[in-house]
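Colleague: This structure is in structure tokens; I'll ask about it shortly.
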Amino acid sequence: MPGIHTAIHKDRLRHWIAPPIKPGKYVLYWMQQAQRVAYNHALAHAVEISNTLCLPLVVGFVLTSDFPDANLRHYVFMLEGIAQTQSQLGKLGISFVLKVGDMVEEVFKLSRDAAWVVADVGYLRIQRQWRAQVANALKCPYTEVETDVTVPVAAAAAKEASAARTLRPLLMNKLGDYLDPVVLPEYRMRQTIPKTPHLDSIDPIKLADRVVTNKNISPVNYYHGGPAEARQRLKKFISQGLAAYHVLSRDPTKHGQSDLSPYLHFGQISPVEIVREIQATEAPPAAKKAFIEQMVVRRELAVNFVYYNPGYDMYEQAVPHWAQKTLAEHIQDPRPYIYTWDQLEQGNTHDPYWNAAQMEMVKTGKMHNYMRMYWGKKIMEWTRTPQEAHEIILALNNRYELDGRDPNGFTGAAWCFGRHDRPWQERAIFGKVRYMNAEGLKRKFRINEYVQRIQTL
DNA sequence: ATCGGCTCGCGCAA
DNA sequence: TGCGCGAAGCCGAT
Numbered sequence: 002m003p004g005i006h007t008a009i010h011k012d013r014l015r016h017w018i019a020p021p022i023k024p025g026k027y028v029l030y031w032m033q034q035a036q037r038v039a040y041n042h043a044l045a046h047a048v049e050i051s052n053t054l055c056l057p058l059v060v061g062f063v064l065t066s067d068f069p070d071a072n073l074r075h076y077v078f079m080l081e082g083i084a085q086t087q088s089q090l091g092k093l094g095i096s097f098v099l100k101v102g103d104m105v106e107e108v109f110k111l112s113r114d115a116a117w118v119v120a121d122v123g124y125l126r127i128q129r130q131w132r133a134q135v136a137n138a139l140k141c142p143y144t145e146v147e148t149d150v151t152v153p154v155a156a157a158a159a160k161e162a163s164a165a166r167t168l169r170p171l172l173m174n175k176l177g178d179y180l181d182p183v184v185l186p187e188y189r190m191r192q193t194i195p196k197t198p199h200l201d202s203i204d205p206i207k208l209a210d211r212v213v214t215n216k217n218i219s220p221v222n223y224y225h226g227g228p229a230e231a232r233q234r235l236k237k238f239i240s241q242g243l244a245a246y247h248v249l250s251r252d253p254t255k256h257g258q259s260d261l262s263p264y265l266h267f268g269q270i271s272p273v274e275i276v277r278e279i280q281a282t283e284a285p286p287a288a289k290k291a292f293i294e295q296m297v298v299r300r301e302l303a304v305n306f307v308y309y310n311p312g313y314d315m316y317e318q319a320v321p322h323w324a325q326k327t328l329a330e331h332i333q334d335p336r337p338y339i340y341t342w343d344q345l346e347q348g349n350t351h352d353p354y355w356n357a358a359q360m361e362m363v364k365t366g367k368m369h370n371y372m373r374m375y376w377g378k379k380i381m382e383w384t385r386t387p388q389e390a391h392e393i394i395l396a397l398n399n400r401y402e403l404d405g406r407d408p409n410g411f412t413g414a415a416w417c418f419g420r421h422d423r424p425w426q427e428r429a430i431f432g433k434v435r436y437m438n439a440e441g442l443k444r445k446f447r448i449n450e451y452v453q454r455i456q457t458l
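First residue of the first sequence: 2, per my numbering; consecutive thereafter.
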């Protein structure tokens with residue numbers, strides 16, 4: 002960008018509206034996806050612009066009451082993080098403004114006297130619509146900064162990847178180019194702010210209770226939101242879990258995962274920071290490789306999917322053609338078990354492993370990754386049509402998982418129906434789509450220990 | 001316990 | 001145009 006010296010990789014920047022710079026009173030960073038201070042390329046770029054223009058920086062965050070499928074559980078987790086981020090920004094002398102209302106309208110109001118607006122990047126439909134509407138309404142320069150992936154999605158691949166194997170080499174070859182540390186520049190305008198708007202510190206529970214429409218799903222005790230919690234979990238994972246990650250992470254009876262996905266979902270920790278921390282350890286190469294496979298390859302395959310497939314949440318577009326065909330051919334197959342939404346939601350099926358997985362999600366806000374595959378495959382087997390199963394999987398996932406409504410969730414649901422996978426031996430109901438059964442759980446794990454652990458929650 | 005086959009489409013080499 | 005190869009699993013043969 003002419004005139005703005007930046008340390009941010011150009012592939013992370015998208016300039017919607019170029020200068021000439023409009024006269025204005027401040028630079029606005031519209032914080033939406035990357036709800037953190039540390040390793041936030043968008044915030045760092047906003048500080049660079051603010052320093053260059055000699056204008057103060059304002060960070061604006063808009064709380065909408067009706068984010069699709071979000072409920073009290075998600076809002077409380079998110080606001081626990083926002084409270085920390087607000088306090089961290091305050092210590093840096095950066096103004097933070099929280100607004101409640103319609104996203105586009107409030108961002109537009111916040112940007113009225115802005116000389117420049119910076120935003121982070123989100124990949125879901127609603128996030129892209131918000132940004133497009135804001136960009137159309139603005140009269141000042143508008144720059145988006147891609148900070149919640151390691152490799153920017155368009156730089157990784159120019160089209161939808163058919164499977165992990167096509168994206169993996171692209172990501173791994175480029176990963177090193179995008180792992181520079183993100184150093185927040187010294188904010189030069191802090192003393193020139195006439196008076197820092199003194200916002201009361203946020204009480205996540207009270208604020209969520211006041212704002213949120215959908216209160217029927219209660220917050221969880223097992224995960225609390227915030228960049229500080231995220232960093233603690235990362236440190237603990239590195240010291241206790243990483244060395245055996247490649248051995249234990251797939252076993253639902255073990256505690257072998259990093260449990261960082263809720264924090265990544267709300268942008269409370271940066272994937273770049275995580276990868277740097279992991280690479281800096283002395284853990285066995287196989288452990289690091291297995292973690293990078295999840296953290297970078299699988300996660301950014303999901304970003305690639307929702308970015309390039311506009312129907313990522315719709316059966317007809319999310320599920321590959323060969324799979325739709327084979328599933329349709331088996332639509333009349335007898336189904337030994339058919340469950341209703343209520344039976345599934347309550348974890349009330351004949352299958353104790355499935356019920357345990359459902360209860361893990363309901364109670365803790367996070368189901369073990371391996372069980373997510375099994376859980377989805379079984380819903381497909383136990384409902385009348387794959388379309389209905391796909392809807393139920395997404396609805397339950399989005400309602401109960403703290404990392405619901407994430408690219409990973411939409412991709413995981415589509416994977417159950419063959420996306421990013423290949424055909425297998427044809428069988429009833431599933432056709433050529435990959436099958437999973439309880440025998441596999443028993444063969445691989447002491448799965449009863451998982452059931453017992455969930456029962457004690 | 002371990003191994004190959006299952007089955008289709010992608011992507012590279014000719 | 002042809003062909004090698006994947007891939008977060010299952011199943012049957014050894």
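Using N, Cα and C, we set each Cβ at its ideal position, and we do this for glycine too.
(1) D121 lies in the beta strand (DSSP E); which residues open and close that run?
(2) According to DSSP, simplified to helix, strand and coil, what is R400?
(3) How is E361 classed by DSSP in three states: helix, strand or coil?
(4) What's the gap between the Cα of A415 and the Cα of R454?
(5) Alpha carbons only, please: which of R420, L403, E427, Y124 is nearest the one belonging to V221?
(6) Looking at the structure shown, is T350 part of a helix, part of a strand, or coil, going by DSSP?
(7) Could you give the first and the last residue of the continuous beta strand (DSSP E) run that contains W17?
(8) Quick check on K207: buried or exposed, where buried means 16 or more other Cβ atoms within 10 Å of its Cβ?
(9) Mark T341 as exposed unless 16 or more other C-beta atoms lie within 10 angstroms of its C-beta, in which case mark it buried.
(10) Any idea if C417 is buried or exposed, counting beta-carbon neighbours within 10 angstroms, 16 or more meaning buried?
(11) Near T53, which residues of its chain fall below 6 angstroms by C-beta distance, leaving aside the five closest residues on each side in sequence?
(12) Using alpha carbons as the reference points, say which of P205, S202, P353, D121 lies closest to L44.
(13) Determine whether the beta carbon atoms of G366 and G413 lie at a separation below 8 angstroms.
(14) Do you know how far the Cα of W131 is from the Cα of G61?
(15) What is the rounded straight-line gap between the Cα of K379 and the Cα of A231?
(16) Between the Cα of P263 and those of R406, V28, G123, spot the shortest distance and give me the residue it belongs to.
(17) When we look at the beta-carbon of K443 and count the other beta-carbons within 10 Å, is it buried (16 or more) or exposed?
(18) Taking just the CA atoms, how far does I239 sit from G257?
(19) For my contact list, V108 and V63 are in at a C-beta cut-off of 8 angstroms; report their separation, rounded to the angstrom.
(20) Would you mind reading off the limits of the alpha helix (DSSP H) that contains E294?
(21) Where do the N-terminal and C-terminal ends of the alpha helix (DSSP H) with T1 fall, by residue?
(22) Among P424, R234, M360, N137, which has the Cα closest to the Cα of D260?
(23) Closest by CA to R428, which one among A324, N399, S271, W31?
(24) Can A156 and L168 be called in contact, C-beta distance under 8 angstroms?
(25) Since V105 sits in a beta bridge, which residues does DSSP pair it with?
(26) Hey, how far is the Cα of P195 from the Cα of L56?
(27) Hey, would you say H10 sits closer than 8 angstroms to T144, going by beta carbons?
(28) Quick one, which of I279, P170, F78 has its alpha-carbon nearest D210's?
(29) Excluding the five sequence neighbours on either side, which residues of its own chain have a C-beta within less than 7 angstroms of the C-beta of P186, listed in chain order?
(30) In the DSSP assignment, the alpha helix (DSSP H) including Y264 goes from what residue to what residue?
(31) I want to know whether the segment 272-290 touches the segment 245-255 - three or more CB-CB distances under 8 angstroms.
(32) So, under 8 angstroms CB-CB, S163 and C141 are touching, yes? Tell me the CB distance rounded to an integer number of Å.
(33) Measuring alpha carbon to alpha carbon, tell me which of Y76, D103, R300, H391 ends up nearest V152.
(34) Is G419 near V304, with beta carbons less than 8 angstroms apart?
(35) Mapping the DSSP letters down to three states, classify V59 as helix, strand or coil.
(36) Beta-carbon separation of I430 and H331 under 8 angstroms?
Modeller: For this structure:
(1) 115-121
(2) helix
(3) helix
(4) 29 angstroms
(5) L403
(6) coil
(7) 14-18
(8) exposed
(9) exposed
(10) buried
(11) I5
(12) D121
(13) no
(14) 14 angstroms
(15) 32 angstroms
(16) R406
(17) exposed
(18) 11 angstroms
(19) 6 angstroms
(20) That residue, E294, is in no alpha helix (DSSP H); it is neither H nor E in DSSP.
(21) Any answer about residue 1 is impossible in this case: the structure gives the chain only from 2 up to 458.
(22) R234
(23) A324
(24) no
(25) None; V105 has no bridge partner.
(26) Summary for P195: the model assigns pLDDT 48, below 50, so the residue's position carries little reliability, and this model does not support an answer.
(27) no
(28) F78
(29) A45, V48, E49, N52
(30) 262-266
(31) yes
(32) No, S163 and C141 are not in contact; Cβ-Cβ is about 40 angstroms, not under 8 angstroms.
(33) R300
(34) no
(35) strand
(36) yes
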